[in-house]
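Chemist: Take a look at this one; I'll ask things after.
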């Protein structure tokens, strides 16, 4: 089968590699219908994160080809969406809703790599969720988004306790930030401030539910959010960029006692403890426990209540993955869908 | 009146200064019955925090001498306990329970200084809480503890979501750490792990409710907590030291999806964002909103349900404040009560 391998920074290739096979009785083999490139794939691409012949891709959906003898919730022929972190969904951590910290957690990125035609998914029962049936073609992008970018944005908004009566500020207008806006709206937020300076993305932010746009960044951005919130700051803030500047902008935009949800931090970010301390805020971050939200998100998409698929603004065949990486790196695309 | 002034690191003096007077109609003047030295007072004493002729002291109780015309909840003659942060207790932030981030928040340390005979307390209605009557002499240390160290430890345990069925780990065996243990027990925690290597403090930790003692620090300490919790880490962790090492020890001891409450960070601590991110935990920290807890804590002390006053292991007259600072600095005392 073919799959994407990143040899080193900026060096993306589509190569033949061996078809995956069932190894453990809890495995499933999925034939991918589509996959995509994640903003986080740009860190190794840009040399910010280590990379060396790494199997790329962690977002996926498709049709189950085969399951191991102990798999009981999905079967050959089922259409499934999976989380970007493997989880058994039965351990104490999973039962508490933190499947991305499962005792059997394993990142799909690197070890498995779903920018490929086929993927072996361990702990299939705890990682995959079957859709109610074979999806209509136009639902594919939205269902694919659920695999990470929607699930991550949703987690961020939930971690920030977005909800009725709340003012939510979202730092970052990439795909995850846009999905956090969609999530905040679904969760009932009263006001949603998108921090964005790109006209195209502002448009999408408003489409997904943003009520205000703040173009300023850093201290000026914080001042603007305070101005919009009676001097207090937002109840709920989502950080979806991952630099020290954006993180501290998010901290500053959160009111005392408010909630900050953060879903990505660069490898070298150092957070000044004293500033975080005196902010007096709740934080919750980490790789999103997408599996927790998947059943609900799939249903919302199936019912056409939400359409997260709009974050994909470029579609390419898998064979042109390198061009997709370049487009995202150069910000010519927000998110690239790869067809198979 | 007499009051403590820290001229510079290590230079503590008791000096005459003018008696405070009512300035705002929301002020009260309190004649202190006792005050004390806080672990945080050691940061300027050791030169870790800036200090220059600073008015010291932020923990206090005593008898109201006079109130401004708009004060309605306390009156002359009332015995009161106050928070170490001034708050109006009516603004949106206060109503959400974060009085230490009140729109009128002001630190008693520095501007007011309650290592003194008298203190002007702004926003008296929102800062002071009257006890049910004049307290018995033996309740003074415990009521004084409520002003900061108990309130702070309680907030930390609450922020860590200590409660029934939970395993709580407390990093730090100073007064705040010990109070967090007391709080965790009152909040119903199932198991309380005290991270301490001082025999005397271990004894007090057990007295207040610790069920396990871990002497190891850093990675070895984290490994020990994991060993005691089936490899998962504690549900709830309190950080009550404030160094980078102790903070990361606390992060490491928290299970994925668990809760970390932290109540002090040194000025120069940089938190590695990527480690915090991959921990996947909730955090809540900051100067404790003691005012939120004061009514409940005063009642628990009044009813002799809890006896936090045991954290004071040295009592000196105010005039010997310098000796008190030295004793705490040299760890000859956990916490020093100053009599007036």
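Protein chains in written order, with the numbering used here: chain A, 6 to 345; chain B, 6 to 345. In this text, a Cβ means the ideal position worked out from N, Cα and C, and glycines have one as well. Computed from a predicted model, the values in this text were never measured in an experiment.
On the criterion of 16 or more Cβ atoms from any shown chain inside 10 Å, does residue 4/A qualify as buried, or is it exposed?
Modeler: Any answer about residue 4/A is impossible in this case: the structure gives chain A only from 6 up to 345.
Chemist: Which bits of chain A does residue 92/B rub up against, with CB to CB less than 9 Å?
Modeler: Going along chain A, no residue has its Cβ under 9 Å from residue 92/B, so there is no contact; the nearest lies around 11 Å.
Chemist: In terms of residue numbering, what span does the beta strand (DSSP E) encompassing residue 11/A cover?
Modeler: 7-13
Chemist: Distance, Cα to Cα, residue 199/B vs residue 298/B?
Modeler: 23 Å
Chemist: When the cut-off is 8 Å and only beta carbons count, does residue 105/B lie next to chain A?
Modeler: yes
Chemist: Can you tell which of 42/B, 270/B and 26/B has its C-alpha closest to the C-alpha of residue 150/B?
Modeler: 42/B
Chemist: Is it true that the CB of residue 89/B sits closer than 8 Å to the CB of residue 71/B?
Modeler: No, they are not a contact pair.
Chemist: Could you confirm whether any beta carbon from chain B is found closer than 8 Å to the beta carbon of residue 98/A?
Modeler: yes
Chemist: Can you name, in chain order, every residue of its own chain whose Cβ lies under 7 Å from the Cβ of residue 100/A, other than the five neighbours on each side?
Modeler: none
Chemist: When we look at the beta-carbon of residue 139/B and count the other beta-carbons within 10 Å, is it buried (16 or more) or exposed?
Modeler: exposed
Chemist: My assumption, with CB atoms under 8 Å, is that residue 23/B sits in contact with residue 127/B. Please give the rounded CB distance.
Modeler: About 17 Å; that fails the 8 Å criterion.
Chemist: Does DSSP classify residue 279/A as helix, strand or coil?
Modeler: Looking at residue 279/A - three-state DSSP - the assignment turns out to be helix.
Chemist: Quick check on DSSP: helix, strand or coil for residue 333/A?
Modeler: helix
Chemist: Tell me which residues of the stretch 177-200 of chain B have at least one Cβ-Cβ distance to chain A shorter than 8 Å, keeping chain order.
Modeler: Flagged: no residues at all.
Chemist: Taking all protein chains shown into account, decide if residue 20/B is buried (16 or more other Cβ within 10 angstroms of its Cβ) or exposed.
Modeler: exposed
Chemist: For a contact defined as C-beta to C-beta under 7 Å, what are the partners of residue 270/A on chain B?
Modeler: Correct list: 278, 279 and 282.
Chemist: I need the straight-line Cα distance from residue 215/B to residue 175/B, nearest angstrom please.
Modeler: 9 Å
Chemist: Just the C-alpha distance for residue 294/A and residue 186/A, rounded to the nearest angstrom, thanks.
Modeler: 18 Å
Chemist: Who are residue 16/A's beta bridge partners in DSSP?
Modeler: 13/A
Chemist: Report the residue ranges of all beta strand (DSSP E) runs contained in full by the stretch 11-87 of chain B; include only those spanning at least 3 residues, in chain order.
Modeler: 16-21, 33-42, 65-72 and 84-87
Chemist: Can you list the residues of chain B that residue 252/A reaches, using a CB-CB cut of under 7 Å?
Modeler: From the beta-carbon of residue 252/A, the residues of chain B found nearer than 7 Å are 278.
Chemist: Since residue 199/B is in the beta strand (DSSP E), which residue starts that stretch and which ends it?
Modeler: Annotation for residue 199/B: the continuous beta strand (DSSP E) segment containing it runs 196-200.
Chemist: So, is residue 310/A buried or exposed, given that buried needs 16 or more other C-beta atoms within 10 angstroms?
Modeler: exposed
Chemist: Considering only the beta carbon of each residue, do residue 189/A and residue 167/A sit closer than 8 Å?
Modeler: At the C-beta level, residue 189/A and residue 167/A come within 8 Å of one another.
Chemist: Considering only residues of the same chain and omitting the five flanking positions on each side of residue 213/A, which have a CB-CB separation below 7 Å?
Modeler: 183, 186, 187 and 190
Chemist: Taking Cβ-Cβ distances shorter than 7 Å, what residues in chain B pair up with residue 262/A?
Modeler: In chain order: 98, 101, 102, 103 and 106.
Chemist: Who are the Cβ neighbours of residue 136/B in its own chain at under 6 Å, not counting the five residues just before and after it?
Modeler: Only 84 and 303 meet the Cβ criterion.
Chemist: Starting from the C-beta of residue 12/A, find all residues in its chain whose C-beta is less than 7 Å away, skip the five residues before and the five after it, and write them out in chain order.
Modeler: 18 and 58
Chemist: Please report the distance separating the alpha-carbon of residue 254/A from that of residue 203/A.
Modeler: Their Cα atoms are separated by approximately 18 Å.
Chemist: Would you report the Cα separation of residue 308/B and residue 327/B, rounded to the nearest angstrom?
Modeler: Near 34 Å, if we compare the C-alpha coordinates of residue 327/B and residue 308/B.
Chemist: Any beta carbon from chain A within less than 8 Å of residue 59/B's own beta carbon?
Modeler: Residue 59/B does not count as touching chain A.
Chemist: To be precise: take each residue of the stretch 230-253 of chain B, compare its Cβ to all Cβ atoms of chain A, and keep it if any distance is under 9 Å. Which residues remain?
Modeler: Interface annotation for the stretch 230-253 of chain B against chain A: 235, 236, 237, 240, 247, 249 and 252, criterion Cβ-Cβ distance under 9 Å.
Chemist: If you measure between the beta carbons of residue 27/A and residue 260/B, is that distance less than 8 Å?
Modeler: no
Chemist: With 16 other CB atoms within 10 Å as the buried threshold, where does residue 81/A fall?
Modeler: exposed
Chemist: List the residues that DSSP assigns as beta-bridge partners of residue 131/B.
Modeler: For residue 131/B, which the question treats as bridged, DSSP gives no partner whatsoever.
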